[in-house]
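Participant:
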Amino acid sequence: MENPPTYFHGRNSADTMKVEAKIQPLRANNISEGGGSSGSERKVKSGQKGEKQIKKHRFAFQTRSQVDILDDGYRWRKYGQKGVKNSKFPRSYYKCTYKGCNVKKQIQRLTKDEEIVVTTYEGMHTHPLQKTTESFEQIFRQIQAYAPL
DNA sequence: CGTGTTTGACCTGCGC
DNA sequence: GCGCAGGTCAAACACG
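Numbering of the first sequence is given in my numbering, commencing with residue 1054 and proceeding in unit increments.
Put into C-alpha cells, the structure is as follows:
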C-alpha cells in the first residue's frame, strides 16, 4: 500500500486548531451490555479467568475537528477499522498502550457532518497523563464536569 | 530496533 | 439455522 486511503498520516494539527467539544448526556454504567447487537465482551476461551470487571465506563462526546485523531495526552494504538452501516465513513478502533491500562477508544465521523467527529471512550485510565495539550485541555475540562465519577 | 499502522480473517450476538 | 452487523486479533510492513 503505497497510497494511503482517505486518511492522511499527518500528525494531529488540533494543537493549533480550534476544537469544539460537545459533551453528550451518556450514561456510564447503564450501557446495555447484553442489549448491544455486538459482542462487546469478547469471550476468552482460556487463560483469563475470573476478570470481575463488571463495571464498564463508557463515555462519548463529539468534537468539531478536521482530524479524527485527537491527541489527548495518551498513547493510542489503532487495532482495527471497520465500516459501519449508516455511516459513509469507517469507524476506527484505538487502544491505550500502558501497563495495565486497557482503555479503548472509538472514533467515528458523522455522515451528515463530516466535520463532526464522535469519540467514544471505554474504560478508565490507571495512569496520569504524560502530556497535556491546550486543545484537549478545554475538552478534558468539560469531560470531568460531565463525568459521573 | 522499536513502535505504530494497515488489512483481512474470524468470532460473537441477534434477528428472522 | 443462517445471515448480518459489529468488534477484535494477528502478521506484515512502514517509519523514526
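All C-beta atoms, glycine included, are put in the ideal place defined by N, C-alpha and C.
Since the structure is predicted, the reported quantities are computational estimates derived from the model, not experimental observations.
Considering only C-alpha positions, which residue in the set S1118, G1133, R1128 is nearest to D1166?
Facilitator: For the purposes of this step, residue 1166 is identified with residue 113 of the first sequence, where counting begins at 1. The option with the nearest alpha carbon to D1166 is S1118.
Participant: What do you get for Q1134, buried or exposed, if any count of 16 or more other CB atoms within 10 angstroms of its CB means buried?
Facilitator: Mapped onto the first sequence, residue 1134 falls at position 81. Exposed, because fewer than 16 other Cβ atoms sit within 10 Å of the Cβ of Q1134.
Participant: How many Å lie between Y1151 and A1113 at the Cα?
Facilitator: The residue you call residue 1151 lines up with position 98 of the first sequence. The residue you call residue 1113 lines up with position 60 of the first sequence. Each residue's alpha carbon lies about 21 Å from the other.
Participant: Counting pairs of beta carbons, one from the segment 1172–1179 and one from the segment 1137–1156, are three or more of them closer than 8 Å?
Facilitator: In short, these stretches touch, since the Cβ pair count reaches three.
Participant: Which residue from T1116, L1163, H1110 puts its Cα closest to that of Q1191?
Facilitator: In the first sequence, the residue the question calls residue 1191 occupies position 138. Considering only alpha carbons, the answer is T1116.
Participant: Using beta-carbon positions only, say whether Y1146 and I1160 come within less than 9 Å of one another.
Facilitator: Your numbering for residue 1146 matches position 93 in the first sequence. Your numbering for residue 1160 matches position 107 in the first sequence. Cβ atoms of Y1146 and I1160: closer than 9 Å.
Participant: Opposite T1173 in the DSSP bridges: which residues?
Facilitator: Numbered from 1 along the first sequence, position 120 holds the residue referred to as residue 1173. Answer by DSSP bridge pairing, in chain order: A1113, Q1159.
Participant: Name the residue from K1141, C1149, K1138, R1194 whose alpha carbon lies nearest to the alpha carbon of Y1132.
Facilitator: For the purposes of this step, residue 1132 is taken as residue 79 along the first sequence, with counting starting at 1. Comparing Cα positions, the closest option is C1149.
Participant: Based on the DSSP output, what are the partners of R1144 in its beta bridges?
Facilitator: Within the first sequence, numbered from 1, the residue matching residue 1144 stands at position 91. K1135, per the DSSP bridge assignment.
Participant: Keeping to the same chain, check which residues put their C-beta closer than 7 Å to that of R1130; ignore five residues upstream and five downstream.
Facilitator: Position 77 of the first sequence, counted from the first residue, corresponds to residue 1130. So the list reads Y1147, K1148, T1150, once near-sequence residues are dropped.
Participant: In terms of DSSP beta bridges, what is C1149 paired with?
Facilitator: In the first sequence, residue 1149 corresponds to position 96, counting from 1. Paired residue(s): W1129.
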